[in-house]
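Worksheet: the structure to be examined is printed underneath.
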Amino acid sequence: MKKKIVISVLAVCLMVAWIVRFIDVNRKTKDAEIRHYDVGEVVAIEDNYFVHSTENMNGYEVIVNSARVMDYGEYLKKYGLTEKDVQDRYPPDKVYDVHITLRNIDNTTGGIYLPNWILQGVDQYTSINLELYRLVNPEANGVIAVALRPGTEMDFYLPFDLREYHYNKRTWKNIDNYPISLVVSKYPVKKMIDIVKR
32 MKKKIVISVL AVCLMVAWIV RFIDVNRKTK DAEIRHYDVG EVVAIEDNYF
82 VHSTENMNGY EVIVNSARVM DYGEYLKKYG LTEKDVQDRY PPDKVYDVHI
132 TLRNIDNTTG GIYLPNWILQ GVDQYTSINL ELYRLVNPEA NGVIAVALRP
182 GTEMDFYLPF DLREYHYNKR TWKNIDNYPI SLVVSKYPVK KMIDIVKR
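So for the sequence shown, the working numbering puts the first residue at 32; every next one is plus one.
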């Protein structure tokens, strides 16, 4: 009987210690500062990152030149593609066509991993369609981890999937006006280029 009591007391003590530590760690964790930018504005990535602080995007700048929602067929036609050119088994209903200019001011050792970039809305996000990306950016030769020479720049067309089942009917009907931003870094400063402002 005493053994059960001792085990129970130890279990409660461990649980209390774990709860105290959990609260302490979460209290010390800082949320990312969020900065918003406009389409056409030069955004310096600086010492920010997505997953790990060893990412090296410092010295890069990005400009969103334009962004537009297009029906999938209209998008293919714009870039001279057919459905046979695309090996996507489940093509999106629409595509957010985002035209950016990426500049390397002075970075000699790092680059940008484009699949980290997302379009984030109020309650959802969407990623780059890598199949379409390869087809509409032939000069990139399929490269998704971009490292430009210092002092150079390059334009990219980023196709983000939009699927009707991710949205309610009213939002989908007005998807062109849905508040959405291109996220180009997450920590310690989350930089968002507002395509449609909230």
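Heads up, the beta-carbon is just placed ideally off N, CA and C, and yes, glycines get one too.
- Secondary structure note for Gly141: it is in no beta strand (DSSP E), with a DSSP letter that is neither H nor E.
- Restricting attention to Leu179, Phe187, Val126, Val82, the CA atom closest to the CA of Pro169 is found in Phe187.
- For Lys125, the CB contacts under 7 angstroms within the same chain, skipping 5 residues up- and downstream, are Val100, Met101, Asp102, Tyr103, Leu193, Ile206 in chain order.
- In this structure the stretch 165-181 lies against the stretch 136-145, because at least three pairs of beta carbons, one per stretch, are closer than 8 angstroms.
- With 16 or more other Cβ atoms inside 10 Å of its own Cβ, Tyr91 counts as buried.
- One thing to note: Tyr144 has its Cβ no nearer than 8 angstroms to the Cβ of Phe191.
- Leu166 is positioned such that its CB atom lies closer than 8 angstroms to that of Asp116.
- The C-beta separation of Asn96 from Ile131 comes to about 6 angstroms, placing the pair in contact by the 8 angstroms criterion.
- Bounds of the beta strand (DSSP E) holding Val214 are 211-216.
- Remark: three or more beta-carbon pairs, one from each stretch, lie closer than 8 angstroms, so the stretch 55-75 and the stretch 217-224 are flagged as touching.
- For Val100, the uninterrupted beta strand (DSSP E) segment begins and ends at 91-102.
- DSSP places Leu193 inside the beta strand (DSSP E), whose first and last residues are 183-193.
- For a cut-off of 8 angstroms, the C-beta gap from Val74 to Val56 is around 32 angstroms, too long to register as a contact.
- Among the bridge pairs identified by DSSP, Gly152 is matched with Ile211.
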